[in-house]
Amino acid sequence: MRPFKGCDYEIQPNSPSEGLRVAFIEMNGAPVELMEYQF
Numbered sequence: 003m004r005p006f007k008g009c010d011y012e013i014q015p016n017s018p019s020e021g022l023r024v025a026f027i028e029m030n031g032a033p034v035e036l037m038e039y040q041f
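Residue numbers for the sequence shown follow our numbering, beginning at 3 and rising by one.
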């Protein structure tokens, strides 16, 4: 998961289960969930 320039992380990238990474950022005042899957 690449960092987003100019965005604040609400929750740092983490791996809640195998093959999945998630993070929450704030973009223009709104929370955005990022998800990355690996198969």
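Note that the Cβ used here is the ideal one computed from N, Cα and C, for glycine as well. Every value quoted in this text rests on a predicted model; they were computed, and no experiment measured them.
Through-space distance from residue j to residue i, alpha-carbon basis
i	j	result
M29	S17	21 Å
E35	G21	16 Å
V24	Y39	9 Å
Y11	M37	14 Å
C9	S19	25 Å
P15	K7	15 Å
The beta strand (DSSP E) enclosing residue i, as first and last residue numbers
i	result
F26	22-29
Q14	10-19
C-beta atoms of residue i and residue j nearer than 8 Å
i	j	result
P33	F26	yes
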